[in-house]
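K.L.:
Handing you this structure, nothing more for now.
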Amino acid sequence: MRQYPLPASLEPLGALVRVEMAGVCGTDIHLWKGQLPIPRPNILGHETVGRVERLGDSLKQDWTGLPLQVGDRVTWSSSLACGQCFYCREKRQPTRCLNRKAYGISYNCEEPPHCNGGYAEYIYLRPGSAIFKLPEDLSTERVIGAGCALVTAIHGIERMGIDWHDVVVIQGAGPVGLAALAVALDHGASQAIVIGGPEHRLQTARTFGSNECISIDEVSHGQDRVERVRQLTRGFGADVVIECVGLPEAVPEGLEMCRDGARFLVLGHYGDAGPVLLNPHHITRKQLVVYGSWGSEPRHMRQALEFLQARGDRFPFEDLVTHRFPLEKTTEALETTARWKSTKSVVVPGMGK
Numbered sequence: 040m041r042q043y044p045l046p047a048s049l050e051p052l053g054a055l056v057r058v059e060m061a062g063v064c065g066t067d068i069h070l071w072k073g074q075l076p077i078p079r080p081n082i083l084g085h086e087t088v089g090r091v092e093r094l095g096d097s098l099k100q101d102w103t104g105l106p107l108q109v110g111d112r113v114t115w116s117s118s119l120a121c122g123q124c125f126y127c128r129e130k131r132q133p134t135r136c137l138n139r140k141a142y143g144i145s146y147n148c149e150e151p152p153h154c155n156g157g158y159a160e161y162i163y164l165r166p167g168s169a170i171f172k173l174p175e176d177l178s179t180e181r182v183i184g185a186g187c188a189l190v191t192a193i194h195g196i197e198r199m200g201i202d203w204h205d206v207v208v209i210q211g212a213g214p215v216g217l218a219a220l221a222v223a224l225d226h227g228a229s230q231a232i233v234i235g236g237p238e239h240r241l242q243t244a245r246t247f248g249s250n251e252c253i254s255i256d257e258v259s260h261g262q263d264r265v266e267r268v269r270q271l272t273r274g275f276g277a278d279v280v281i282e283c284v285g286l287p288e289a290v291p292e293g294l295e296m297c298r299d300g301a302r303f304l305v306l307g308h309y310g311d312a313g314p315v316l317l318n319p320h321h322i323t324r325k326q327l328v329v330y331g332s333w334g335s336e337p338r339h340m341r342q343a344l345e346f347l348q349a350r351g352d353r354f355p356f357e358d359l360v361t362h363r364f365p366l367e368k369t370t371e372a373l374e375t376t377a378r379w380k381s382t383k384s385v386v387v388p389g390m391g392k
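Position one of the sequence shown corresponds to residue 40 (my numbering), numbered consecutively onward.
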């Protein structure tokens, strides 16, 4: 535990927020394990809900134009794009911004304003942050249960596309996989097959509407999983396969689950988990289209919040929050997530106080 001073004054478009809940994301595990180079020391946590403690003099509205004031419950997009670089201005790819920064990832907490991540009592939101005021009928647990997984899935599926009546295979039953399942079904998938574990995560996938679940504990060999997918898809394979695991060996396995002419989305590899042996002949012979997707934009956060309001009864993301930890037990929260003991672990700074 470390203590830092709160900013004495705010920039005109800055905000100081008291953290109510922060999610533990798979990316946090990758960062914790050193799979991405980040400044250190670093306050992790990029899925956060809190209440506005102080506002800069010029910050009057949230990203959607709603009035913003002290006491409002808010969330925000985890990253900030510069709007001026080659990818922002010319290629309209702000998630690849050359100057992109992200809360809980990009900032050394020894440098003012120190509080730049969700695993803390407060977080300082810099000018340019996409802040969203939360409606009273949208619970904190639902927002954090969906976390960055939902905006990641929305962005990835937007890039790839899902056609009405597509057969979709989702590799991974963690938060990203469950979010991809929800978005795929909402886009009109006729059959959704989820591959993963442990059993409590697969049960959540069934609750969300998965037609079939393949347990990696029961079907432990990759080729057997490929054959099972073919059995469930009339021998052809899936129209769409979405990788949400973050393990390199899932990629060649997923490519084999595709029918000829299918689409394959690599969504789970935010961290660099290393290379894998892959036969590109399968891509050529099967005429596959392979997509990558990185992060999200503020508009995806708006879509996600609207989705959670409109589809929350069908997809109860709040039920993903299975383990809560006070701030001083953040390491235990990370360990619990890394061992797949939770569906979603969260850090609650005010817990027990």
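Think of the CB as a built atom: it goes at the ideal place given N, C-alpha and C, for glycine as much as any other residue.
Predicted model only: the values in this text are computed from it and were never measured.
May I ask you to report which of helix, strand or coil DSSP gives Trp-115?
P.N.:
strand
K.L.:
Taking C-alpha atoms, which residue in Ser-145, Glu-282 and Leu-52 lies nearest to Gly-213?
P.N.:
Glu-282
K.L.:
Which of the three DSSP states is assigned to Val-222 in this structure?
P.N.:
helix
K.L.:
When you compare only the Cα positions, how much space is there between Pro-55 and Tyr-126?
P.N.:
The question names Pro, but residue 55 in the sequence shown is Leu. Going from the Cα of Leu-55 to the Cα of Tyr-126 covers about 30 angstroms.
K.L.:
Measuring CA to CA, which of Leu-52, Trp-71 and Leu-173 is closest to Arg-93?
P.N.:
Closest option to Arg-93, Cα to Cα, is Leu-52.
K.L.:
Out of curiosity, what's the CA-to-CA distance linking Glu-180 and Val-386?
P.N.:
11 angstroms
K.L.:
Taking C-alpha atoms, which residue in Phe-364, Gly-313, Gly-157 and Ile-170 lies nearest to Leu-98?
P.N.:
Ile-170
K.L.:
Alpha carbon to alpha carbon, how far is Pro-44 from Arg-338? Give it in angstroms, no decimals.
P.N.:
For Arg-338 and Pro-44, the gap between their C-alpha atoms comes out near 33 angstroms.
K.L.:
Would you please state the rounded distance, in angstroms, between the beta carbons of Ile-208 and Ile-232? I believe it to be under 8 angstroms.
P.N.:
Checking the sequence, you will find Val at residue 208 rather than Ile. Their Cβ separation, rounded to whole angstroms, is 5 angstroms, which keeps Val-208 and Ile-232 in contact under 8 angstroms.
K.L.:
Take the Cβ of Trp-316 as the centre, count every other Cβ of all protein chains shown within 10 Å, and call the residue buried at 16 or more, exposed below.
P.N.:
The amino acid occupying residue 316 in the given sequence is Leu; Trp does not appear at that position. When all chains shown are included, Leu-316 counts as exposed.
K.L.:
For Met-296, does the three-state DSSP call read helix, strand or coil?
P.N.:
The answer is coil: DSSP assigns Met-296 none of H, G, I, E or B.
K.L.:
When we look at the beta-carbon of Ala-188 and count the other beta-carbons within 10 Å, is it buried (16 or more) or exposed?
P.N.:
buried
K.L.:
Apart from the five residues on each side of it in sequence, which residues of its chain come closer than 6 angstroms, Cβ to Cβ, to Asp-205?
P.N.:
Ala-228, Asp-278 and Val-279
K.L.:
Enumerate in chain order the residues of its own chain whose CB-to-CB distance from Ala-312 is below 8 angstroms, with the five nearest sequence positions on each side excluded.
P.N.:
His-69, Gln-74, Gly-285, Leu-286 and Pro-287
K.L.:
Short of 7 angstroms in beta carbon distance, which residues of its chain neighbour Glu-357, apart from the five on each side in sequence? Order them along the chain.
P.N.:
Ser-178, Glu-180, Arg-181 and Gly-184
K.L.:
Measure the alpha-carbon distance for Thr-272 versus Gly-293 and round it to whole angstroms.
P.N.:
14 angstroms
K.L.:
Of the choices Ala-301, Trp-115 and Thr-134, whose alpha-carbon is the least far from that of Gln-123?
P.N.:
With distances taken between CA atoms, Gln-123 lies nearest to Thr-134 out of Ala-301, Trp-115 and Thr-134.
K.L.:
Does the structure place the stretch 236 to 250 close enough to the stretch 215 to 228 that three or more beta carbon pairs sit under 8 angstroms?
P.N.:
yes
K.L.:
Please give the ranges of any alpha helix (DSSP H) in the stretch 237 to 301, keeping only runs that are unbroken, at least 4 residues long and fully inside the region.
P.N.:
Look at the stretch 237 to 301 and you find these whole runs of alpha helix (DSSP H), each 4 residues long or longer: 238 to 247, 261 to 271 and 289 to 295.
K.L.:
Quick check on Trp-203: buried or exposed, where buried means 16 or more other Cβ atoms within 10 Å of its Cβ?
P.N.:
Exposed is the call here.
K.L.:
Could I get the ranges of all uninterrupted beta strand (DSSP E) runs contained in the stretch 103 to 183, with 3 residues as the minimum, in chain order?
P.N.:
112 to 115, 161 to 164 and 170 to 172
K.L.:
Looking only at C-alpha atoms, which of Gln-270, Glu-59 and Asp-67 sits nearest to Thr-370?
P.N.:
Asp-67
K.L.:
Counting along the chain, where does the alpha helix (DSSP H) carrying Leu-344 start and finish?
P.N.:
337 to 350
K.L.:
Are Pro-174 and Pro-46 touching if we call contact CB-CB under 8 angstroms?
P.N.:
no
K.L.:
Considering only C-alpha positions, which residue in the set Asp-96, Leu-105 and Thr-87 is nearest to Ser-116?
P.N.:
Answer by Cα proximity: Thr-87.
K.L.:
By the 10 Å Cβ neighbour count, where 16 or more other Cβ atoms means buried, how is Ser-335 classified, buried or exposed?
P.N.:
Buried, because 16 or more other Cβ atoms sit within 10 Å of the Cβ of Ser-335.
K.L.:
What three-state label does DSSP hand Ala-212 in the structure shown?
P.N.:
coil
K.L.:
In the structure shown, what three-state DSSP assignment does Glu-86 receive?
P.N.:
Under the three-state reduction of DSSP output, Glu-86 falls in the coil class, being neither helix nor strand.
K.L.:
With 16 other CB atoms within 10 Å as the buried threshold, where does Arg-139 fall?
P.N.:
buried
K.L.:
Rounded to a whole number of angstroms, what is the C-alpha to C-alpha distance between Thr-103 and Gly-300?
P.N.:
39 angstroms
K.L.:
Can you pull the DSSP bridge partners for Met-60?
P.N.:
Beta-bridge analysis with DSSP links Met-60 to Val-88.
K.L.:
Thinking C-alpha only, which one of Cys-64, Cys-297 and Val-58 is nearest His-308?
P.N.:
That would be Cys-64, whose Cα lies nearest to the Cα of His-308.
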